[in-house]
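Every position in the sequence shown, counted from 1, becomes a number in the working numbering once 466 is added.
Data block below; observations after.
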Amino acid sequence: QVQVVESGGGLVQPGGSLRLSCAASASIFSISAMGWYRQAPGKQRELVATITSGGMTNYADSMRGRFTVSRDNGKNTVYLQMNSLKPEDTGVYYCNARRGLSNFWGQGTQVTVSS
Numbered sequence: 467q468v469q470v471v472e473s474g475g476g477l478v479q480p481g482g483s484l485r486l487s488c489a490a491s492a493s494i495f496s497i498s499a500m501g502w503y504r505q506a507p508g509k510q511r512e513l514v515a516t517i518t519s520g521g522m523t524n525y526a527d528s529m530r531g532r533f534t535v536s537r538d539n540g541k542n543t544v545y546l547q548m549n550s551l552k553p554e555d556t557g558v559y560y561c562n563a564r565r566g567l568s569n570f571w572g573q574g575t576q577v578t579v580s581s
């Protein structure tokens with residue numbers, strides 16, 4: 467079992483930045499990949515970015531160039547740096563950890579981009 471806890475959400479103006487954090491209860495070396503997903507009101511959950519245990523990253527096209535996923539192995543934490551935020555980035559951002567065939571989800575953190 468892996469627990470993940472997100473933090474760092476909030477209200478930000480368009481064009482602003484936020485950094486989300488996801489702390490895992492297990493060593494991230496034991497987790498094959500961690501990722502960020504988001505769910506906007508009335509929409510399905512969608513991929514934002516992932517990072518593997520080997521450090522390989524993947525981004526959704528609409529986030530590439532604006533968002534950066536990174537990891538701190540010593541803290542078992544994955545980050546999502548979000549820049550040039552747009553109103554359409556509003557939603558609940560969830561952290562996911564994948565170990566084998568199992569997926570573990572956090573409770574989510576709200577990000578609201580509005581003036």
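For every residue, glycine included, the Cβ atom is placed at its ideal position computed from N, Cα and C.
Quick caveat: nothing in here was measured; it's all calculated off a predicted structure.
Residue i: buried (16+ other C-beta within 10 angstroms of its C-beta) or exposed?
{"i": "Gly501", "result": "buried"}
{"i": "Glu554", "result": "exposed"}
{"i": "Met665", "result": "Outside the shown range of the chain, which is 467 to 581, sits residue 665, and nothing can be said about it."}
{"i": "Arg504", "result": "buried"}
{"i": "Leu567", "result": "exposed"}
{"i": "Glu472", "result": "buried"}
Compare the beta carbon distance of residue i and residue j with 8 Å and say whether it is the shorter of the two.
{"i": "Trp547", "j": "Val558", "result": "As written in the sequence, residue 547 is Gln, which differs from the Trp given in the question. No, these two residues do not count as a Cβ contact at 8 Å."}
{"i": "Val535", "j": "Thr516", "result": "yes"}
{"i": "Glu491", "j": "Val468", "result": "First, the residue type needs correcting, since residue 491 is Ser and not Glu in the sequence shown. Yes, these two residues count as a Cβ contact at 8 Å."}
{"i": "Ser493", "j": "Gly474", "result": "no"}
{"i": "Tyr545", "j": "Arg485", "result": "yes"}
{"i": "Ser581", "j": "Gln510", "result": "no"}
Straight-line CA distance for residue i to residue j?
{"i": "Ala499", "j": "Ala506", "result": "23 Å"}
{"i": "Ala563", "j": "Thr543", "result": "11 Å"}
{"i": "Ser519", "j": "Trp571", "result": "17 Å"}
{"i": "Phe533", "j": "Asn549", "result": "6 Å"}
{"i": "Leu477", "j": "Thr578", "result": "5 Å"}
{"i": "Gly574", "j": "Val470", "result": "10 Å"}
{"i": "Arg565", "j": "Asp527", "result": "25 Å"}
{"i": "Arg537", "j": "Gly508", "result": "30 Å"}
{"i": "Phe495", "j": "Lys541", "result": "11 Å"}
Counting only runs of 3+ residues fully inside the stretch 503 to 530, write out the beta strand (DSSP E) ranges in chain order. 512 to 518, 523 to 525
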